[in-house]
Amino acid sequence: MTAPPDRPRIVKRKLAIRPQFYQTDMMGVIHNSEFFRWFEEGRLHFFADILSFEDAMREGIALPVVRNVCDYLKPVRYGDNLVLTTEHEVRAEYGGRLSFRHSLANEDTKVEAAVGETVVTLVDMKTGRLIRELPDRVRDRYLALK
147 MTAPPDRPRI VKRKLAIRPQ FYQTDMMGVI HNSEFFRWFE EGRLHFFADI LSFEDAMREG
207 IALPVVRNVC DYLKPVRYGD NLVLTTEHEV RAEYGGRLSF RHSLANEDTK VEAAVGETVV
267 TLVDMKTGRL IRELPDRVRD RYLALK
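Counting in this note's numbering, the sequence shown runs from 147 upward without gaps.
Written as structure tokens, this is what we have:
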């Protein structure tokens, strides 16, 4: 049984992450900036089902990040097998912002390496103004997320 469209519900996406050697820093651990790239990959997993990059460009919609936070819990090294879980609470009302929570864990040990949050908004690329209501087609796809 699914929640009615007016009740918030949590939707998750999982993504395998394989750190590369070039992502390491001088201490042999993955550089802190890479975590934000991985968070972006998780977030884009959602948007593939809502608003493709091509559709966003055609419709003149930008998705700027307005908040990006990462708490580093354990070092990540080249060769670690990681899984990124990105969660989003789907709500009937847009409210001007979409928030995504991230958890990066070692797939083998199940130890959480980092947690974070990314918040985006939708902006009209022509005017630079906040889009206060999702376009109907985008809203329908958003509410249909599973």
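Think of the CB as a built atom: it goes at the ideal place given N, C-alpha and C, for glycine as much as any other residue.
Nearest Cα to R223 within the set I156, Q169, L197: Q169. At a Cβ-Cβ threshold of 7 Å, E253 and V229 count as neighbours. Residue state for V215 is assigned as strand, using DSSP reduced to three classes. A direct Cα-Cα distance of roughly 10 Å separates R155 from A238. Proximity to W184 across M172, D195, R159 peaks at R159, based on C-alpha coordinates. The beta carbon of G242 sits closer than 7 Å to those of T267, L276, R278, all from its chain and outside the five residues before and after it, given in chain order. Look at the segment 188-239 and you find these whole runs of alpha helix (DSSP H), each 4 residues long or longer: 199-205. Per DSSP, the continuous beta strand (DSSP E) segment holding V261 begins and ends at 258-266. One thing to note: V284 has its Cβ within 7 Å of the Cβ of L197.
Counting the other Cβ atoms within 10 Å of the Cβ of R153 gives fewer than 16, which makes it exposed. G206 is the residue among S179, G206, E180 whose C-alpha sits nearest the C-alpha of T273.
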